[in-house]
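Chemist:
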Amino acid sequence: QVQFVESGGGLVQPGGSLRLSCAASISIFTMRIMGWYRQAPGKQREFLASITSTDNAYYADSVKGRFTISRDSANTVTLQMNMLNTEDTAVYYCNRAGGAGPYDSWGQGTRVTVSS
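The opening residue of the sequence shown carries number 131 in the working numbering; numbering runs sequentially from there.
1) Pick helix, strand or coil for Ile156, following the three-state DSSP scheme.
2) Write down every uninterrupted run of the beta strand (DSSP E) in the region 141 to 198 whose length is 3 residues or greater and which is fully enclosed by it, in chain order.
3) Can you give me the Cβ contacts of Tyr188 inside the same chain, cut-off strictly under 7 Å, excluding the 5 residues immediately before and after it?
4) Identify every run of the beta strand (DSSP E) within the region 193 to 228, keeping only runs that are complete inside it and at least 3 residues long; order them along the chain.
5) Exposed or buried, which one is Pro232 when buried takes at least 16 other CB atoms within 10 Å?
6) First and last residue of the beta strand (DSSP E) that includes Val135?
7) Just mark Asp218 as buried or exposed, buried being the case when its beta carbon has 16 or more other beta carbons within 10 Å.
8) Can you tell me the Cα-Cα spacing of Asn225 and Ser192, whole angstroms?
9) Cutting at 6 Å between CB atoms, please list the residues of its own chain near Asn212, excluding the five before and the five after it.
10) Below 8 Å on the Cβ atoms is my guess for Tyr222 versus Val242; work out the distance and round it to an integer in Å.
Here it is, written out as structure tokens:
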């Protein structure tokens with residue numbers, strides 16, 4: 131079973147930044163594409179950004195220009211989040227992305243709260 135461990139969340143003021151990390155139990159070269167998702171209270175989980183094994187990145191319109199996904203190693207990706215606003219408050223998860231979709235197993239996620 132694939133495992134994901136997300137970290138780096140916390141409380142931040144509007145306009146602030148956070149850097150999230152994700153460690154996967156398998157390599158991005160196996161997954162082909164790895165991505166970040168989030169789930170806000172009362173809402174469905176949404177896709178945010180993805181990165182391929184060749185470091186091509188793709189972003190949802192809601193975070194384009196504010197968030198940056200990068201690959202630190204074969205098993206670790208990060209999400210640099212800038213210009214955070216209250217609508218970014220959610221639990222953030224990583225998982226496989228792309229056409230194959232996410233694995234059924236999800237990590238615990240890391241909670242991000244944007245509040246003054």
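For every residue, glycine included, the Cβ atom is placed at its ideal position computed from N, Cα and C. Treat the numbers as computed from the prediction; the structure is a model and nothing was measured.
Modeler: Short version:
1) By one-based count along the sequence shown, residue 156 stands at place 26. The answer is coil: DSSP assigns Ile156 none of H, G, I, E or B.
2) 148 to 154, 163 to 169, 176 to 182 and 187 to 189
3) Position 58 of the sequence shown, counted from the first residue, corresponds to residue 188. Ala179 and Ser180, listed in sequence order.
4) 197 to 201, 206 to 211 and 220 to 226
5) Walking along the sequence shown from the start, residue 232 turns up at place 102. By the 10 Å Cβ count, Pro232 comes out buried.
6) Here residue 135 refers to the residue found at position 5 when the sequence shown is read from its first residue. That run of the beta strand (DSSP E) goes Phe134 to Ser137.
7) Position 88 of the sequence shown holds residue 218. Buried: at least 16 other Cβ atoms inside 10 Å.
8) Position 95 of the sequence shown, counted from the first residue, corresponds to residue 225. Position 62 of the sequence shown, counted from the first residue, corresponds to residue 192. Taking the straight line from one Cα to the other gives about 19 Å.
9) For the purposes of this step, residue 212 is taken as the residue at position 82 of the sequence shown. If we look at Asn212 and ignore the five residues flanking it on each side, its Cβ neighbours are Ser147 and Arg196.
10) Your numbering for residue 222 matches position 92 in the sequence shown. Your numbering for residue 242 matches position 112 in the sequence shown. Confirmed, Cβ separation roughly 6 Å.
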